[in-house]
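Protein chains: 2
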Amino acid sequence: MASQEIEALTQALARLPGLGPRSARRAVLHLMKKRETALTPLLRALERVSERLSVCSVCGNVDTSDPCGICADERRDGRLLCVVEEVSDLWALDRARLFPGRFHVLGGRLSALEGVRPEDLSIDKLVSRIAAGGIDEVVLAMNATLEGQTTAHYLAERLETFPVRLTQLAHGLPVGGELDYLDEGTLAQALRARRPVA
Amino acid sequence: MASQEIEALTQALARLPGLGPRSARRAVLHLMKKRETALTPLLRALERVSERLSVCSVCGNVDTSDPCGICADERRDGRLLCVVEEVSDLWALDRARLFPGRFHVLGGRLSALEGVRPEDLSIDKLVSRIAAGGIDEVVLAMNATLEGQTTAHYLAERLETFPVRLTQLAHGLPVGGELDYLDEGTLAQALRARRPVA
């Protein structure tokens, strides 16, 4: 029915998280009917992000500049470092604007099942950042999953020789919960009640 | 937190039907993390659709060619014409590949409440198409709403002088529908239109 071009656009949209084939079709129709107010702005925004997209060489965040906006922000407290599994976790925490420090993205979590080892994550880089000094506290903000907590324990061991305070998010996260899905109130509570690694 | 470019992209995506601010953010993150497999294909597909987008001057469908793929398709039965309210209805009917004829999009429905009058819809064009001859049957495939049915009645009156068969979609139980969950209107229609067991 639809032309090849429309079919291609539908498929590209259907691959986005949260959209399926049916909602992608509705979105395409919306874009085609509202060319000036929907299609063109989306196209321009995509072009601009595509041109400037980069991974931050300091923390691993994805942004349109390198170093990213957070690492480049002088008002951030460089003595505070929050370690997260994924960029989505960084965004979730930063969205709530509760954490005044900087971040470090591991790029995943240790997993025997999926064969993810320490050398597969951005851990050496994290150790280098901490070894370089100037950091007082490292918040291990892993997900409250088995693998997230395993990763936190591993990091706590790797980092125990450094003169930094290691903390973790307060329990109050629901078991099995992932940061990106939590409401900001829960995130705020967890961050405020963070405590030293036992 | 996010750069201006990322914010703009998030907002453009959040305006699509079926996506809100939160899912748009997840989609942006997905696009940025999967540049080659997600961002670039979406960008290319949007560009191509944007370049060729047009409204069919015959039937009102949106497509990447004019006349649209359906109007240009020689294998379609030109004697059958299906009149729908919106382009989305055309797509829904055509997706099922059940209707072998061509379409006509009114661009809305008559509505006293919203001030939509006959001259606001593509009705004169429809009358011209039918007056030009070659059409045997006109299916009035309006929505089963008060306004849809009002529109169908109006069209039936406008078209009664033409030598065409006017039909409408059957009303009744949807496939898989359970009596207990159906509204009384549907049940009444299904009962009124009951037919002998084959």
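Residue numbers (our numbering), protein chains in the order written: chain R, 452 to 649; chain Z, 452 to 649.
We treat Cβ as the ideally placed atom computed from N, Cα and C, and that holds for glycine.
* Asked: Who are the Cβ neighbours of F550/R in its own chain at under 8 Å, not counting the five residues just before and after it?
  -> Taking the first residue of the first sequence as position 1, residue 550/R is located at position 99. Cβ neighbours of F550/R beyond the five flanking positions: L531, C533, L544, V590 and L642.
* Asked: Would you call the CB atoms of G628/R and A592/R closer than 8 Å?
  -> As a first step, residue 628/R must be located in the first sequence, where it is residue number 177. As a first step, residue 592/R must be located in the first sequence, where it is residue number 141. 8 Å or more divides the Cβ of G628/R from the Cβ of A592/R.
* To do: Indicate whether G520/Z and S501/R have their beta-carbon atoms separated by less than 8 Å.
  => Your numbering for residue 520/Z matches position 69 in the second sequence. Your numbering for residue 501/R matches position 50 in the first sequence. No. Outside cutoff.
* To do: For V534/Z, return the contacting residues in chain R, with the cut-off set at a CB-CB distance below 9 Å.
  => To locate residue 534/Z, count along the second sequence from 1; it is residue 83. Per Cβ cutoff of 9 Å: no residues; V534/Z is ~18 Å from chain R at best.
* Residues in its own chain within less than 8 Å of I586/Z by CB, not counting five upstream and five downstream? -> The sequence position of residue 586/Z within the second sequence is 135, counting from 1. Here the set comprises G529, R530, L531, L532, R580 and V615.
* Thinking R486/Z and L504/R are a contact (beta carbons under 8 Å), I'd like their distance in whole angstroms, please. => Here residue 486/Z refers to the residue found at position 35 of the second sequence. Here residue 504/R refers to the residue found at position 53 of the first sequence. Rounded to whole angstroms, the Cβ separation of R486/Z and L504/R is 6 Å, and the two are in contact under 8 Å.
* First and last residue of the alpha helix (DSSP H) that includes C522/R? -> Looking up residue 522/R in the first sequence gives position 71. Here the alpha helix (DSSP H) through C522/R covers G520 to A523.
* Please work out which residues of its chain come closer than 8 Å, Cβ to Cβ, to L482/Z, disregarding the five sequence neighbours upstream and downstream, and give them in chain order. => Walking along the second sequence from the start, residue 482/Z turns up at place 31. L460, A489, L490 and L493, listed in sequence order.
* To do: Keeping to the same chain, check which residues put their C-beta closer than 7 Å to that of A547/R; ignore five residues upstream and five downstream.
  => Counting from one through the first sequence, the residue named residue 547/R turns up at place 96. So the list reads E635, L638 and A639, once near-sequence residues are dropped.
* Classify G599/R as helix, strand or coil using the three-state DSSP reduction. => Numbered from its first residue, the first sequence carries residue 599/R at position 148. In the structure shown, G599/R adopts helical secondary structure according to DSSP, grouped into three states.
* From the DSSP output, which residues share a beta bridge with E588/R? -> Within the first sequence, numbered from 1, the residue matching residue 588/R stands at position 137. Paired residues: L531/R and R616/R.
* Continuous beta strand (DSSP E) stretch holding H555/R: start and end -> Locating residue 555/R in the first sequence gives position 104, counting from the first residue. Following the DSSP letters along the chain, one finds H555/R inside the beta strand (DSSP E) bounded by residues G552 to V556.
* Taking the C-alpha atoms as reference points, what is the distance between D631/Z and G469/Z? -> As a working mapping, residue 631/Z is identified with position 180 in the second sequence. As a working mapping, residue 469/Z is identified with position 18 in the second sequence. Cα to Cα, D631/Z sits roughly 29 Å from G469/Z.
* Cutoff 8 Å: G511/R Cβ touching any chain Z Cβ -> What you label residue 511/R is simply residue 60 of the first sequence in a count that begins at 1. Chain Z contact via Cβ: absent.
* Find out if the Cβ-Cβ distance for the pair V450/Z, V538/Z is shorter than 8 Å. => In this structure chain Z extends from 452 to 649, so residue 450/Z is not present and cannot be described.
* With distances taken from CA atoms, which of E525/R, C507/R, A478/R and E588/R is nearest R646/R? -> Numbered from 1 along the first sequence, position 195 holds the residue referred to as residue 646/R. For R646/R, the nearest C-alpha among the options comes from E588/R.
* Proximity winner among P569/R, V648/R and E536/R, relative to G511/R (alpha-carbon distances) -> By 1-based counting over the first sequence, the position of residue 511/R is 60. Ranking the options by Cα distance to G511/R, first place goes to E536/R.
* Whole-angstrom C-beta distance between L577/Z and G558/Z, which should lie under 8 Å -> Here residue 558/Z is taken as the residue at index 107 of the second sequence, counted from 1. Here residue 577/Z is taken as the residue at index 126 of the second sequence, counted from 1. Between L577/Z and G558/Z the Cβ distance is about 11 Å, and since that is not below 8 Å, they are no contact.
* **Short CB-CB distance (under 8 Å) between S474/R and chain Z** => Looking up residue 474/R in the first sequence gives position 23. Yes, because at least one Cβ of chain Z sits closer than 8 Å to the Cβ of S474/R.
* So which residues of chain Z does L557/R contact, with C-beta pairs closer than 9 Å? -> In the first sequence, counting from the first residue as 1, residue 557/R sits at position 106. Contact annotation for L557/R against chain Z: no contact, minimum CB-CB distance about 14 Å [criterion: below 9 Å].
* Asked: For A603/Z, which residues from the same chain have a beta carbon less than 7 Å from its beta carbon, with the 5 sequence-adjacent residues on both sides left out?
  -> Taking the second sequence and counting its residues from 1, one reaches residue 603/Z at position 152. Counting only residues of its own chain and dropping the five nearest sequence neighbours on each side, A603/Z has a CB closer than 7 Å to the CB of L591, M593 and Q619.
* Flag this pair as yes or no: are the beta carbons of A465/Z and P472/Z separated by less than 8 Å? => Counting from one through the second sequence, the residue named residue 465/Z turns up at place 14. Counting from one through the second sequence, the residue named residue 472/Z turns up at place 21. Result yes, Cβ atoms of A465/Z and P472/Z sit closer than 8 Å.
* Asked: For K647/Z, which of helix, strand or coil comes out of DSSP?
  -> As a working mapping, residue 647/Z is identified with position 196 in the second sequence. Checking the sequence shown, residue 647/Z turns out to be Pro, not Lys. P647/Z: coil per DSSP, three-state reduction.
* Nearest to F613/Z by CA position, among E458/Z, L467/Z and A583/Z, is which residue? -> To locate residue 613/Z, count along the second sequence from 1; it is residue 162. Taking only the C-alpha atoms, the option nearest F613/Z is A583/Z.
* Got a sec: does the ligand GDP put a non-hydrogen atom nearer than 7 Å to the Cβ of V534/Z? -> As for the ligand GDP, it is missing from this structure, which has no ligand bound.
* To do: Please name the residue in A496/Z, D517/Z and E611/Z whose C-alpha comes closest to that of Q462/R.
  => As a first step, residue 462/R is located in the first sequence; it is residue number 11 there, counting from the start. Ranking the options by Cα distance to Q462/R, first place goes to A496/Z.
* Output the boundary residues of the alpha helix (DSSP H) element that contains L577/R. => Mapped onto the first sequence, residue 577/R falls at position 126. Counting along the chain, the alpha helix (DSSP H) containing L577/R begins and ends at I574 to A582.
* Using a Cβ cut-off of 8 Å, pull out every chain R residue sitting near L531/Z, in sequence order please. => Sequence index remark: in the second sequence, residue 531/Z carries index 80 (1-based). Simply none; closest approach about 16 Å.
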